[in-house]
Every structure is written in C-alpha cells, then in structure tokens.
Amino acid sequence: MDNRNNLDFFVRVWEVTRSIPYGRVTSYGAIAKCLGTKYSSRMVGWALNKTHGVYPQVPAHRVVNRNGALTGKYHFETPSAMEEALKNEGVMTENNQVVDFDKLFWDPQKLADDLMNNIID
DNA sequence: ATGCTGACGTCGC
DNA sequence: CGCGACGCCAGCA
C-alpha cells in the first residue's frame, strides 16, 4: 500500500487503543498482531508510554498484558489510576488482574466486524 | 559504537 | 507444565 507502513508505529497503536469499546480491554500482543508485528508487543507498550498528554486521550488503561494483568499500572500518573479507570468502566480488577478478562477481552482485529454488526445484540 | 533495558509474547527444552 | 531463551526495536548509559 502507501506509506501506511511508514507511519509511526505508536500512532497506529493509539488509533487501535482508542477504538477499544467502553468497558472492554485488550492486550499488547493483540494490538501488535493487529498491526502485523506480533513480536513487537514491546513496542506497543513503548508507544502507550508516549500517550501521556496526547489528544485525544488514549485509554491505555484498557490495555493489559496477555494474562490480563495490569502490568503498566506503575507507568500511569498514579499506580492506582489504571485500576480506578477500569473500575469506573465496570471492569473489576483483583490482584492487579482483570476479572473475567476472557469475557471482557476485545480483539482489535474484530474492529471492522464489530462496527458492521454494531454490536446491537 | 556497543550493550542492556523494557507497559510482551512465542517457542523450545 | 515450569523455566529459559529469543525476537521486536526505540532509548539510554
């Protein structure tokens, strides 16, 4: 395609992260995989680290690791900001881990599909 | 310039 | 099934 691949990696991470529905969570690896570089999951976290003060705000709190653990909570303004934000969305966390992570997990690759179906249910 | 680290994940043993 | 090593690639000492 075009320079899409030339675009900064983190910009795409932001777009995907912003696409995460309210009350849902996803993993770094899922985003990386969605971008085509599944082994670059570290870069996803690196990109999210730069979301500090970006606009529109990037819901980095909705991104956890593959285990559903809030590994990046200490990188927020406050260590409790992540769990608080998740809790505010109805996502309960226990022991730095998202409860029912499997049910709340949202696959970025399903973005188009979800948009089409509009998830009306 | 080189090497280690890091908000991770996968593969190998 | 637990643990170690590798890959990804930008930052930083």
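Numbering (the numbering used here), first residue to last: 1 to 121.
Glycine residues also receive a C-beta, built at the ideal position from the N, C-alpha and C atoms.
Under 8 Å between C-beta atoms of residue i and residue j
i: Ser19; j: Leu111; result: yes
i: Gly23; j: Glu89; result: yes
i: Ala47; j: Phe9; result: yes
i: Val58; j: Trp14; result: yes
i: Val54; j: Ile31; result: no
Three-state secondary structure (DSSP) of residue i
i: Thr71; result: coil
i: Val16; result: helix
i: Met1; result: Below a pLDDT of 50, predicted positions are generally treated as unreliable, and Met1, at 39, falls in that range; the measurement from the model is reported next regardless. Three-state result, Met1: coil.
i: Val98; result: strand
i: Val64; result: strand
i: Phe76; result: coil
Contacting residues, own chain, Cβ-Cβ under 7 Å from residue i (five flanking each side not counted)
i: Tyr28; result: Ser41, Val44, Gly45, Val63 and Asn65
Contact set for residue i: own chain, Cβ-Cβ below 6 Å, skip 5 residues either direction
i: Phe101; result: Gly68
i: Arg12; result: Leu35
i: Met92; result: Val99
i: Gln97; result: Gly68 and Ala69
i: Ala85; result: His61
Continuous alpha helix (DSSP H) stretch holding residue i: start and end
i: Gly45; result: Ser41 to Asn49
i: Gly23; result: Looking at the DSSP string, Gly23 is not in any alpha helix (DSSP H), and its letter there is neither H nor E.
i: Glu83; result: Ala81 to Asn88
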